[in-house]
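In this note's numbering, the protein residues as written are 4 to 271. Have a look at the structure below, then the notes.
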């Protein structure tokens, strides 16, 4: 019988669905970057979206991968990052959600996502989404098997203007029920009166559209937080270094307290 399954999304000479940084590290800190790249698989062409549009925030989180690399080096921690654009599939969305493969993003049409069949959607899920999340799950299990409590830090960035509204926050800390990392992080950051720190701003983890931390961290009671850094602050090397240090200093201070590394379920 002929094999009727669709061809693999990625060809052998293309980068994989994910990228590891410092994969050999034994640190319990696990850095995640869900929107690290604006690359599109060759099989999908350009999705009908220009390179200039894909370079905007709709294609990736500008500066987030560079900040993730800085933090990985600072903490000698492993980091896993997506290898392809959020326009192909958003790895921080439930793949069953229509927003995971948007037909329009911040006013830009994405013709390559229009009217996708279930088979076409599944090809992206199998080729990109599942491998990325499989790596996260496997590393969490490895950290736990070594007798450590995984600490998940998810690195994102946000556009300074959205729907004609200027956003004043320099960075935002997103969290839901588990405030072990989020609350002391915000307290530390706010010691500098010049910083405008968002508490579930410019997005809220209490109105969850996200997937990664909700799937990997919350059910297991693992310490976790998502940081959003404004993109105009990390659009060059100097800005990346500055804001990676600001956030990294806060993380180091908070993780010095062993209480944050208990299972959240032990406290509820």
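Ideal Cβ positions, reconstructed from N, Cα and C, are used throughout, including at glycine.
Rounded distance between the beta-carbons of residue j and residue i, thought under 8 Å
i	j	result
residue 185	residue 228	5 Å
residue 131	residue 92	5 Å
residue 177	residue 206	6 Å
residue 13	residue 44	6 Å
residue 188	residue 253	5 Å
residue 83	residue 138	5 Å
residue 42	residue 88	6 Å
residue 33	residue 143	7 Å
Continuous alpha helix (DSSP H) stretch holding residue i: start and end
i	result
residue 215	215–219
residue 140	133–148
residue 258	240–258
residue 60	Note, residue 60: premise wrong, no alpha helix (DSSP H); not H, not E.
Residues that DSSP places opposite residue i in a beta bridge
i	result
residue 160	232
residue 168	165
residue 154	32
residue 107	112
residue 82	24, 34
residue 200	174
Residue i versus residue j: straight-line alpha-carbon distance, rounded
i	j	result
residue 79	residue 151	15 Å
residue 146	residue 30	8 Å
residue 262	residue 224	13 Å
residue 235	residue 110	20 Å
residue 11	residue 121	15 Å
residue 264	residue 119	42 Å
residue 271	residue 257	For residue 271, the predicted structure reports a pLDDT of 46, less than 50, and the residue's modelled location is therefore unreliable. A value from the coordinates is still provided. Residue 271 and residue 257: Cα-Cα distance of roughly 21 Å.
residue 199	residue 9	48 Å
residue 279	residue 112	A query on residue 279 cannot be resolved here, the shown segment of the chain reaching from 4 to 271 and no further.
residue 269	residue 174	A caution first: residue 269 carries a pLDDT of 49, below 50, which makes its placement in the model too unreliable to give a value.
residue 220	residue 183	13 Å
First through last residue of the beta strand (DSSP E) which encompasses residue i
i	result
residue 23	21–24
residue 225	That residue, residue 225, is in no beta strand (DSSP E); it is neither H nor E in DSSP.
residue 177	174–177
CB contact below 8 Å: residue i versus chain D
i	result
residue 217	No chain D appears in this structure, which consists of one protein chain only.
Original post:
Any chance the region 66–75 sits against the region 161–170, with 3 or more Cβ pairs inside 8 Å?
Top reply: no
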